[in-house]
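To keep things clear, I will list the structure first and then write my remarks on it.
2 protein chains.
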Amino acid sequence: MGTKKTSLTMIADEIGIKKPSLYYHFKNKEEIFNESVEYILGSMNNRLHDANKASTSSKEALEAVLSGIIGFHSDLSVFIGELYQKPVNIYPLLHEASYHFPELGLEIKNHYAELQEQLEQIIRRAQGEYVINQRLSPDSLALEIIAWLEGLILLSTFNPSLDLNTIRQKIFSNLWEMIGSRESGPSENTFRKKIAKTISLGTKW
Amino acid sequence: MGTKKTSLTMIADEIGIKKPSLYYHFKNKEEIFNESVEYILGSMNNRLHDANKASTSSKEALEAVLSGIIGFHSDLSVFIGELYQKPVNIYPLLHEASYHFPELGLEIKNHYAELQEQLEQIIRRAQGEYVINQRLSPDSLALEIIAWLEGLILLSTFNPSLDLNTIRQKIFSNLWEMIGSRESGPSENTFRKKIAKTISLGTKW
DNA sequence: GTCTATACGCAGATAGAC
DNA sequence: GTCTATCTGCGTATAGAC
Chain A
83 MGTKKTSLTM IADEIGIKKP SLYYHFKNKE EIFNESVEYI LGSMNNRLHD ANKASTSSKE
143 ALEAVLSGII GFHSDLSVFI GELYQKPVNI YPLLHEASYH FPELGLEIKN HYAELQEQLE
203 QIIRRAQGEY VINQRLSPDS LALEIIAWLE GLILLSTFNP SLDLNTIRQK IFSNLWEMIG
263 SRESGPSENT FRKKIAKTIS LGTKW
Chain B
83 MGTKKTSLTM IADEIGIKKP SLYYHFKNKE EIFNESVEYI LGSMNNRLHD ANKASTSSKE
143 ALEAVLSGII GFHSDLSVFI GELYQKPVNI YPLLHEASYH FPELGLEIKN HYAELQEQLE
203 QIIRRAQGEY VINQRLSPDS LALEIIAWLE GLILLSTFNP SLDLNTIRQK IFSNLWEMIG
263 SRESGPSENT FRKKIAKTIS LGTKW
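So the sequences go chain by chain: A and B. Position 135 of the first sequence, counted from 1, bears residue number 217 in my numbering, the numbering being contiguous throughout. Position 5 of the second sequence, counted from 1, bears residue number 87 in my numbering, the numbering being contiguous throughout.
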């Protein structure tokens, strides 16, 4: 059944009750597991929703969403870190959940789909404002940004010296250096057209 | 102790012997776990070494190393997939190993450090050849490429429709679109200078 | 080298007292 | 709501026969 590494005894000890008392609140271990995952997904979604709502420019929106994901994981780390001293990565948990319980797997897939769509919208807006390289397809880029960030979170759990909160600014500026627009928008295009027109007019004369 | 999800009974069944016979070959479960992780790290390192050796251009080298990582995970998936029907991601295994056993954790850290250094060298070479954007710092970029790829592998285990082997070309071209050089290198710069010189000579006459 | 038999501990889970 | 007592099953591990 569910997370084999976390026993009911551990859970009971942590919240200060005895093991059998858990069965008053939950049907079985699977129910504890399911509700935990749903709670985590719910609070992550809330956070992303708030982040997107509060920001104005497309650049700000993208950074707010990514900061939201990092912040969420940091909160989890601190929350659990007081007991086990190690930062905790929730992706193995989500992976296991989606492996064993199809309904949860579906919710997790939906979570990713929503996140991807949210990023896609921000990217399209940013491309419309000539802030992001137009040659990058929004759906692929959204997926790759999610992968990039989750990979960084994964690596930061391996490597304690890689603290995402301290290098956040550096990471973001690297990201913009990579995905930032290479053209300067329509203003300069019309400027170039004007020059070309002037030159062609000039050669005619 | 080690991987709680995989019991000795499962291992014994899989290789066709009885459970107690495992104790003839290994001292205990921990030894099985340790040697497995070391075997995996070793074969991954061999693969990366071969990939880097066989390639000529810096672009080829980078793609070969990344393909090596993807290929390694695919092989693992097929290898285990015949029994459990699901692609397997080794990062949770590495994570657990580094969590429980400090010596293994050190080896895993070294593996990542080597990989990062290998990528860094390729990136420096590519920047010297004006193939990769010079404004990206090689160490950060190496780390972020590793994160990007591991994130993609992680997501592909969640989402079966995301098959890295089929979209490999698309991923790579996106990567180059992001990190590719924005300047044209000294060769074209001198070409431009020559043109400018020619024009100025022309106007002189 | 591989087996059967067996020891011991801890997991999840239930019954029933307070 | 929380507890003590207890059940059952599976885990790792060992002893000793073939």
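Yeah, the Cβ is synthetic: ideal placement off N, Cα and C, and Gly gets one too. All of these numbers come straight from a predicted model, not from anything done at the bench.
Here DSSP, grouped into helix, strand and coil, assigns B:Gly-98 to coil. Runs of the alpha helix (DSSP H) lying entirely within the region 199 to 247 of chain B, each at least 4 residues long, are 220 to 240 in chain order. Annotation: the continuous alpha helix (DSSP H) that includes B:Ile-122 extends over 111 to 136. Note on geometry: alpha-carbon atoms of B:Leu-104 and B:Lys-191 lie some 29 Å from one another. Not a single C-beta of chain B is nearer than 8 Å to the C-beta of A:Tyr-212. The residues Ala-94, in chain order, have a CB closer than 8 Å to that of B:Lys-100 in the same chain once the five nearest residues on each side in sequence are set aside.
Residues of the region 207 to 234 of chain B whose Cβ lies closer than 8 Å to any Cβ of chain A, in chain order: Asn-215, Arg-217, Leu-218, Ser-219, Ser-222, Leu-223, Leu-225, Glu-226, Ile-228, Ala-229, Trp-230, Leu-231, Glu-232, Gly-233, Leu-234. Beta-bridge pairing by DSSP links A:Gly-262 to A:Ile-214.
Sixteen is the threshold: when 16 or more other Cβ atoms of the shown chains lie within 10 Å of the Cβ of A:Ile-235, as they do, the residue is buried.
The C-beta distance from A:Ile-172 to A:Leu-158 rounds to 6 Å, short enough to fall under 8 Å. Following the DSSP letters along the chain, one finds A:Ser-103 in no alpha helix (DSSP H), marked with neither H nor E.
In the structure shown, A:Asn-171 adopts coil according to DSSP, grouped into three states. Contact between the region 137 to 154 of chain B and the region 197 to 216 of chain B is present: 3 or more CB-CB pairs across the two stretches fall below 8 Å. When secondary structure is reduced to three states using DSSP, A:Ser-89 falls in the coil class, being assigned neither helix nor strand. Under the 8 Å Cβ criterion, the region 244 to 255 of chain B does not count as touching the region 247 to 263 of chain A, having fewer than three qualifying pairs. For A:Phe-154, the three-state secondary structure derived from DSSP is helix. Among the CB atoms of chain A, one or more fall inside 8 Å of the CB of B:Leu-237.
Straight across, the Cα-Cα distance linking A:Gly-233 with A:Ile-97 is about 32 Å. Considering only B:Ile-228, B:Ala-133, B:Leu-176, the residue with the shortest C-alpha distance to B:Ser-118 is B:Leu-176. Using a CB distance cut-off of 8 Å, B:Pro-102 does not count as an interface residue toward chain A. Taking the CA atoms as reference points, B:Phe-154 sits about 7 Å from B:Met-126.
For the pair B:Leu-197 and A:Ile-261, the Cα-to-Cα distance works out to about 24 Å. Within 8 Å of the CB of B:Asn-171, the CB atoms of chain A belong to His-177, in sequence order along the chain. When C-beta distances to chain B are compared with 9 Å, the residues of the region 179 to 193 of chain A below that value are Ser-180, Tyr-181, Gly-187, Ile-190, Lys-191, in chain order. In this structure, B:Arg-217 lies near A:Glu-259, with their beta-carbon atoms less than 8 Å apart. Counting C-beta atoms within 10 angstroms of its own C-beta, A:Thr-138 has fewer than 16 neighbours from the protein chains shown and is therefore classed as exposed. Here the alpha carbon of B:Asn-215 sits roughly 13 Å from the alpha carbon of B:Ser-222. Excluding five sequence positions before and after B:Asn-134, the CB atoms of its chain that fall closer than 8 Å to its own CB belong to Ala-143, Ala-146, Val-147, Gln-200, Ile-204, given in chain order. Against chain A, the beta carbon of B:Arg-264 has neighbours under 8 Å at Arg-264, listed in chain order.
For B:Ile-261, the chain A residues whose C-beta falls within less than 8 Å of its own C-beta are Met-260, listed in chain order. Within the same chain, Arg-129, Leu-130, Ala-133 come within 6 Å of B:Gly-150 by CB-CB distance, once the 5 residues on both sides are set aside.
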